[in-house]
Amino acid sequence: MKVVTVTLNPAIDKTVVVPNFRPERVVRAKEVYIYPSGKGVNVARVLVRLDVPAICLGFIGGYFGKFLADGLTREGIEHDFTTVSDETRINLTIRDPETGLEVHLVEPGSKVTDEDWQRFVATYKRHLEGASWVVLCGSLPPGAPVDAYAQLIAIANEKDIRCALDTSGEALRRGVEAKPKLVKPNRQELAELVGSELANEEGLRSAVTKVHELGVDIVVVSLGKEGAIGSDGTNLWKATPFPIKVVNTIGSGDALLGGLIFALLKEMPFEEALKFAVATGTANTLVDGPCYIDLRDLHEIWSETSVRRL
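As numbered in my numbering, residues 735 to 1044 make up the sequence shown, in order.
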């Protein structure tokens, strides 16, 4: 039941908490949090907390790359990263708990050469042995092939291994063409993929149908605090969490995807899997740091999350 998570462009996430933030020359932080991160890394963290074996693959480099790998080792998360010469990126979030402001400063990532890519693909192929799912997440680092995810999906499809894709822009469009089992865009990413605005439920329904027509079996669209809609090609459902006081939003979409993969591995009915996924994403908002969910919170939120057919 191993899950392979691919984060081609992982990061160190640094959150600086600044009450009553003002853009002045000297800004003093009250708290600072630093975590190994990246979308697939976060998915793996959720799965491991749910007692599902997962391994992280991707590119790391330099001092910060070692910091990331060592941090995952301390958490008990398996990894086999491909090293590159550039430093792993740091993504900085400034959070003001008084106003709810969150500003995200996102670096482009380490440059990848053709030789780096070929070394990664060899590692990826090796870890597909015995995998139940491959989860492909996040942006592409500079220098990576624009069809990187499409290549990786095609390799997994040849071995009948289910793939989940969570990315954006051209990487998403190319990836969908390779027919992954599941895609999880947010509303804006889905709108860009289908080329239309999604102002209401009918627009969302039409867009989900278009993605199914491209050969994707499961489509789940994260809607932030509104929850998510999801379709298994038979019915369209919406899962909605009850309102809670949000501490952190970073990694909530990744937590949702991790919860969804867990629920599908457990063969839950699709509507219950969507409900569990939304509960997992919501549980993430209660804790500082991406996907350090508390299982007691998760099960309580799961029981309170509603789901209905659209």
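C-beta atoms are modelled at their ideal positions from N, C-alpha and C, and glycine is treated no differently. Quick caveat, the model's predicted, so the values are computed rather than measured.
Under the three-state DSSP convention, the category residue 849 falls into: Counting from 1 along the sequence shown, the entry for residue 849 is found at position 115. Here DSSP, grouped into helix, strand and coil, assigns residue 849 to helix.
Test item: CB-CB of residue 767 and residue 1023 under 8 Å: As a position in the sequence shown, residue 767 is number 33, starting the count at 1. As a position in the sequence shown, residue 1023 is number 289, starting the count at 1. Result yes, Cβ atoms of residue 767 and residue 1023 sit closer than 8 Å.
N- and C-terminal bounds of the alpha helix (DSSP H) containing residue 923: As a position in the sequence shown, residue 923 is number 189, starting the count at 1. Segment 921 to 928, the alpha helix (DSSP H) holding residue 923.
Beta-carbon proximity of residue 1010 to residue 989, cut-off 8 Å: Residue mapping note: residue 1010 aligns to position 276 of the sequence shown, counting from 1. Residue mapping note: residue 989 aligns to position 255 of the sequence shown, counting from 1. Going by C-beta atoms, residue 1010 is not nearer than 8 Å to residue 989.
Contact set for residue 754: own chain, Cβ-Cβ below 7 Å, skip 5 residues either direction: Mapped onto the sequence shown, residue 754 falls at position 20. If we look at residue 754 and ignore the five residues flanking it on each side, its Cβ neighbours are 830 and 832.
DSSP three-state assignment for residue 807, whether helix, strand or coil: Stepping through the sequence shown from its first residue, residue 807 is reached at position 73. DSSP places residue 807 in helix when its eight states are reduced to three.
Every unbroken alpha helix (DSSP H) within the stretch 931 to 974, with a cutoff of 4 residues, ordered by chain: Unbroken alpha helix (DSSP H) runs of no fewer than 4 residues, entirely contained in the stretch 931 to 974, are found at 935 to 947, following chain order.
Presumed contact (8 Å Cβ cut-off) between residue 817 and residue 794, rounded CB distance: Position 83 of the sequence shown, counted from the first residue, corresponds to residue 817. Position 60 of the sequence shown, counted from the first residue, corresponds to residue 794. At roughly 6 Å, the Cβ-Cβ gap stays under 8 Å, so residue 817 and residue 794 are in contact.
Beta-carbon proximity list for residue 835, same chain, < 8 Å, skipping 5 on both sides: One-based indexing of the sequence shown puts residue 835 at position 101. Contacts found: 755, 828 and 829.
Option nearest residue 757 by Cα separation, candidates 803, 856, 837 and 799: Here residue 757 refers to the residue found at position 23 of the sequence shown. Of 803, 856, 837 and 799, the residue nearest in Cα terms is 837.
Whole-number beta carbon distance between residue 964 and residue 954, since they are thought to touch under 8 Å: Walking along the sequence shown from the start, residue 954 turns up at place 220. Walking along the sequence shown from the start, residue 964 turns up at place 230. In this structure, residue 954 and residue 964 form a Cβ contact; the two beta carbons are roughly 4 Å apart against a cut-off of 8 Å.
Residue range of the alpha helix (DSSP H) that includes residue 995: For this step, residue 995 is matched to residue 261 along the sequence shown. Here the alpha helix (DSSP H) through residue 995 covers 986 to 999.
Unbroken stretches of the beta strand (DSSP E), 3 residues or longer, contained in the stretch 840 to 886: If we require 3 residues or more, the beta strand (DSSP E) runs fully inside the stretch 840 to 886 come out as 865 to 871.
Range of the contiguous alpha helix (DSSP H) that encloses residue 742: Counting from 1 along the sequence shown, the entry for residue 742 is found at position 8. Premise fails: residue 742 is in no alpha helix (DSSP H) and is neither H nor E.
Nearest to residue 847 (by Cα), restricted to the options 841, 950 and 855: As a first step, residue 847 must be located in the sequence shown, where it is residue number 113. Nearest Cα to residue 847 within the set 841, 950 and 855: 855.
The stretch 869 to 885 touching the stretch 904 to 913, judged by at least three CB pairs closer than 8 Å: Result yes; three or more Cβ-Cβ pairs closer than 8 Å.
Length of the line joining the Cα atoms of residue 994 and residue 1040: As a position in the sequence shown, residue 994 is number 260, starting the count at 1. As a position in the sequence shown, residue 1040 is number 306, starting the count at 1. Roughly 16 Å between the two C-alpha positions.
Opening and closing residue of the beta strand (DSSP E) in which residue 823 lies: As a position in the sequence shown, residue 823 is number 89, starting the count at 1. Unbroken beta strand (DSSP E) run through residue 823: 823 to 830.
As assigned by DSSP and simplified to three states, the class of residue 890: Working through the sequence shown from its first residue, we reach residue 890 at position 156. Helix at residue 890.
When 750, 770, 769 and 771 are compared against residue 761, the one with the closest alpha-carbon: Position 27 of the sequence shown holds residue 761. Residue 750 is the option with its Cα nearest to residue 761.
CA-to-CA distance, residue 815 to residue 921, given in whole angstroms: The residue given as residue 921 occupies position 187 in the sequence shown. The residue given as residue 815 occupies position 81 in the sequence shown. When rounded, the distance between both Cα atoms is 31 Å.
Nearest-angstrom Cα separation, counted from residue 899 out to residue 1013: Here residue 1013 is taken as the residue at index 279 of the sequence shown, counted from 1. Here residue 899 is taken as the residue at index 165 of the sequence shown, counted from 1. When only Cα atoms are considered, residue 1013 and residue 899 end up about 20 Å apart.
Reduced DSSP category for residue 814 - H, G, I as helix; E, B as strand; rest coil: Translated into positions along the sequence shown, residue 814 becomes position 80. For residue 814, the three-state secondary structure derived from DSSP is coil.
Endpoints, beta strand (DSSP E) assigned at residue 768: Start at 1 with the first residue of the sequence shown, and residue 768 comes out as number 34. For residue 768, the enclosing beta strand (DSSP E) begins and ends at 765 to 771.
Contacting residues, own chain, Cβ-Cβ under 6 Å from residue 902 (five flanking each side not counted): Counted from its first residue, the sequence shown places residue 902 at position 168. The residues are 923.
Beta-carbon spacing of residue 872, residue 773 below 8 Å: Taking the sequence shown and counting its residues from 1, the one referred to as residue 872 is at position 138. Taking the sequence shown and counting its residues from 1, the one referred to as residue 773 is at position 39. In contact: residue 872 and residue 773 (Cβ atoms closer than 8 Å).
Same chain only: Cβ atoms within 6 Å of residue 778, ignoring 5 sequence neighbours per side: One-based indexing of the sequence shown puts residue 778 at position 44. Contacts found: 739, 788, 790 and 811.
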